[in-house]
Amino acid sequence: MVPAALLTLTLGAVGALAATVPSAGPATAAEPDLPDGAWVDPFDGTSLGPDWTVVNPVPTALSVADGALTLTSQAATPGRPGTARRTS
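Sequential numbering from 4 applies to the sequence shown in the working numbering.
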């Protein structure tokens, strides 16, 4: 369902239109349809929750802050697959 809004148009003295759109409050994101077994993590702390498993952890390559998970990749040697140090 698409939300509707009331739009008021006013014709000014020189023929210009002005539009007024009343605010219905803050916008909210639609909840996505998730496949069975999927879960959502809001990253509302400073570390990963118990549903996460980190293999070969590199503490400086992973951080959780301000509602985001940040993963920092490591560079590989061009032409030599598998030379990047494995991180989180």
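The beta carbon of each residue, even a glycine, is placed where N, CA and C say it ideally should be.
T49 - DSSP class collapsed to helix/strand/coil
coil
With a CB to CB cut of under 8 Å and the five nearest residues on each side skipped, what residues in its chain are close to T63?
T75
Out of curiosity, what's the CA-to-CA distance linking G70 and D44?
9 Å
With distances taken Cα to Cα, identify the nearest neighbour of G52 among L37, S66, E34, P35.
S66
Rounded to whole angstroms, what is the Cα-Cα separation between W55 and G48?
13 Å
Out of curiosity, what's the CA-to-CA distance linking V61 and W42?
24 Å
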